[in-house]
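Going down the list, the sequences are from chains A and B. Under UniProt numbering, the first residue of the first sequence is numbered 1, with each subsequent residue one higher. Under UniProt numbering, the first residue of the second sequence is numbered 1, with each subsequent residue one higher. We treat Cβ as the ideally placed atom computed from N, Cα and C, and that holds for glycine.
Protein chains: 2
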Amino acid sequence: MGVTIKDIAKQANVSIATVSRILSNKTEFNSKSTIRKVKRIAKELGYSKNTAAVELVTRSSKVLAVVITATKTNFSMQIIDGIHEEAYKHGLNVIIIYAGENDPKRQYEAIKTITERSVKGILLLALDLSQESQTLLIQSQIPYIFLSISNNQGMPYIDSDNSMIGYLAADYLIEKGHKKIGFAGLDTVSLTAKNRISGYKKALAKHNLTCDPEWIVNGLFTYDDGVNAMKQYGTQPEVTAVIAGSDLVGIGLMNQAGEFGLKVPEDLAIVTIDGTDLCEIVHPRLTSITQSFYKIGVMGVLYLINYKKQNAYKKLTESVLKVRESS
Amino acid sequence: MGVTIKDIAKQANVSIATVSRILSNKTEFNSKSTIRKVKRIAKELGYSKNTAAVELVTRSSKVLAVVITATKTNFSMQIIDGIHEEAYKHGLNVIIIYAGENDPKRQYEAIKTITERSVKGILLLALDLSQESQTLLIQSQIPYIFLSISNNQGMPYIDSDNSMIGYLAADYLIEKGHKKIGFAGLDTVSLTAKNRISGYKKALAKHNLTCDPEWIVNGLFTYDDGVNAMKQYGTQPEVTAVIAGSDLVGIGLMNQAGEFGLKVPEDLAIVTIDGTDLCEIVHPRLTSITQSFYKIGVMGVLYLINYKKQNAYKKLTESVLKVRESS
DNA sequence: GTTTTTTAAGTAAACGATTACTAAGCCGTC
DNA sequence: GACGGCTTAGTAATCGTTTACTTAAAAAAC
């Protein structure tokens, strides 16, 4: 919106090529005095690079785009922290775009916005992409990766090992003596939930325990889903422990249990999945299977930086049990 | 990275001007058949607009940039929701940029990244800008506005009426019979805190109450600040009620009070400032002065859309008392 | 039947940078 | 003193789009 390299060139009595070289630090063939002069004038004139022009001519960009949903899930922040830290190390900028909440049209718009900009790579956070958006994404040829969500359609992703998460949670509770263990608040049609449940069942089977389908209560990982699940378990729940699909679900379970006059962990043990800060600020503190969100973010960036065409990149990260007071 | 309007033009046997006009919906002078043909071919070829080129030639952009800090403050989400909703109505895209956490260099980088891109406007969320970054921002000539943070340097902002917040909280507690009221976890050098404290003192004065400076405990709005403030108040606090600088501070206070064997609200009443979802999921639920975050976001966008040079635009939004269980 | 108006589309100049290629000066060498 | 090799800087093409201006043909007006 004002000063261009042309203006600087005129002022400095050099060509725009020289200015360009100096301002983008390709100074190997410039004399010290010219460098100083050009930089001084640039500063004096308040020059600001026009990124649009740069991206147009170089046909490349130093920007990574992160697509997120407006969900109330709070772990995104940790992933984003990881992304930023790693991107910063490599001199990349990060922009974040909202893809709305279950609105395919908004989602499509978001992907379109990004693909029309020549970003270096796209990180899709816990995003379930519609078929249309997927096509658009692939067609764009821009490297992309899904984070914290798996898929079996050959698209690259980095996610926690959800089967292991289910297994760890259940196994721990079984070791603590529980025999009837619920699983609440997860979206049972999602791959995430399926894997978690399969791990949970594996742990049960290992100890010759069975699972009543009623103990698995569907939900969308929200606080209300936790509350509702607890209502379903009732005031005198058959289960003695519940695994929560997310921290918010865990809190919902716990609060509703409180309403029912049930004590956590005495009357009902809770293990929650995610392990965000929320676990630490509620009372009692929630035992969790804590995911490596930060690391997922870091790995996502590294994947994009070292991107080369390959089919079906998949990476599963570790989760760890953190025992607190709710179990 | 591939198909351009040139390719479409060749395929369709028309000029690139025609293609450009059709694809940007300036179709008043095109025949229906040509329009159909061009659009069909564009789709067939998987054409994607190159935004860099568009922005370069039109010297404008449909993008609003939101700058946020990586703070654990969670109200940002509500503001961002408001921004998105309003931006969407006006056909604008929104990108979010992190400015790091108290790292002037990162902050500067973030502002630079944005100003080098010809965005339509900049929304700075609860951001305390360094002098350098400020200069850069102003120099860029891009319309900007601070949200949820006031300043007395003539820069435009939209914020809650912090004096009123302090007043409302204190007045309510006084009406409930409290005479010794603390204020915890706010950053007393900030204008936000100063205004809140001034409102709080005004309420006290109105009822002929005084305030011991010791009751005001400094902090940075975090959970730990709440915990520490409570430790400072001690196991037998002189104050019978505390106003928390943020929801997290409120939770910290409450949990530490619990550790001390104090019951909320019987032994200590708490009113928290912000009123995010957190208030609803803790136990007891926190009474809050709830800010109109969503509205702040909406108003920010409207300001930028209707931007015209004016000095010192300021707008204060309403906050309301929401009585819950902690008071 | 000529002139004017309307419709539909083409020409070409921008936008602001990068960069391959070219060139001018200077120095040293044989 | 002609030649090659550095160093430093300039020339000009290019990226993909928009848009003011021009043009050609057809329709309308006289």
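Note that the C-beta distance between A229 of chain B and L253 of chain B is below 8 Å.
At a cut-off of 8 Å between beta carbons, L56 of chain A contacts chain B.
In the structure shown, D224 of chain A falls within a helical segment according to DSSP collapsed to helix, strand and coil. The DSSP assignment places 162-175 as complete runs of the alpha helix (DSSP H) inside the stretch 141-191 of chain B, in order along the chain (cut-off: 4 residues).
Of all residues in the stretch 103-123 of chain B, only R106, E109, A110, K112, T113, T115, E116, R117 and S118 come within less than 9 Å of chain A when Cβ atoms are compared, listed by chain position. Here N195 of chain B carries a helix assignment [DSSP, helix/strand/coil]. Those residues of the stretch 173-184 of chain A placed with their C-beta closer than 7 Å to a C-beta in chain B do not exist. Beta-bridge pairing by DSSP links A269 of chain B to B:A241. Under the 10 Å beta carbon count, N50 of chain B is surrounded by 16 or more other beta carbons and is classified as buried. In the three-state DSSP reduction, G82 of chain B falls in the helix class (H, G or I). The alpha carbon of K314 of chain B has as its nearest neighbour, out of B:F183, B:S148, B:D7 and B:T188, the alpha carbon of B:S148. DSSP places Y313 of chain A in the coil class of the three-state scheme, outside both helix and strand.
For A99 of chain A, there is no enclosing alpha helix (DSSP H), as DSSP marks it with neither H nor E. Between G154 of chain B and A312 of chain B, the C-beta spacing is below 8 Å.
Among the bridge pairs identified by DSSP, S288 of chain B is matched with B:T272 and B:K322. Closer than 9 Å at the C-beta level to chain A, one finds these residues of the stretch 262-294 of chain B: D277, L278, E280, I281, V282 and H283. The straight-line gap separating the alpha-carbon atoms of K39 of chain B and D7 of chain B is approximately 13 Å. Minimum Cα-Cα distance from L278 of chain B among the listed residues B:V301, B:R324, B:M164 and B:A205 corresponds to B:R324. Segment contact: the stretch 73-82 of chain B against the stretch 41-50 of chain B, fewer than three CB-CB distances shorter than 8 Å; contact not assigned. Residue burial annotation: I138 of chain A is exposed, with fewer than 16 other C-beta atoms found within 10 angstroms of its C-beta. Using a Cβ-Cβ cut-off of 9 Å, A70 of chain A is close to M77, I80, D81 and H84 of chain B, given in chain order. Under the 8 Å criterion on CB atoms, S150 of chain B is classed as non-interfacial with respect to chain A. For K49 of chain A, the neighbours in chain B by C-beta distance under 8 Å run, in chain order, E116. Residue pairing of I216 of chain A in beta bridges, as defined by DSSP: A:F183. Exclusion of the five residues before and after I165 of chain B leaves R196, G199, I273, I289 and S319 as the residues of its chain whose Cβ lies within less than 7 Å of its Cβ. Across the stretch 127-140 of chain A, CB contacts with chain B closer than 7 Å involve Q139 and S140, in sequence order along the chain. Straight across, the Cα-Cα distance linking E101 of chain A with L64 of chain A is about 22 Å.
Between D171 of chain B and A193 of chain B, the C-beta spacing is not below 8 Å. Listed as beta-bridge partners of I122 of chain B by DSSP are B:A65 and B:Y144.
Using a C-beta cut-off of 8 Å, the stretch 170-186 of chain B makes no contact with the stretch 234-248 of chain A, since fewer than three inter-stretch Cβ pairs fall below that distance. Ranked by Cα distance from E280 of chain A, the first of A:A257, A:D212, A:I305 and A:I251 is A:I251.
Between S130 of chain B and P104 of chain B, the CB-CB gap stays under 8 Å.
At least one CB atom of chain B sits nearer than 8 Å to the CB of Y223 of chain A.
For the stretch 248-261 of chain A, the set of positions with a beta-carbon nearer than 8 Å to some beta-carbon of chain B reads L248, I251, G252, N255 and G258 in chain order. Residue-level contact check: G2 of chain A touches chain B, since one or more beta carbons of chain B fall below 8 Å from its beta carbon. Note on the UniProt domain "HTH lacI-type" (3-58) of chain A: whole alpha helix (DSSP H) runs with a minimum of 4 residues are 5-12, 16-23, 32-45 and 51-58, in chain order.
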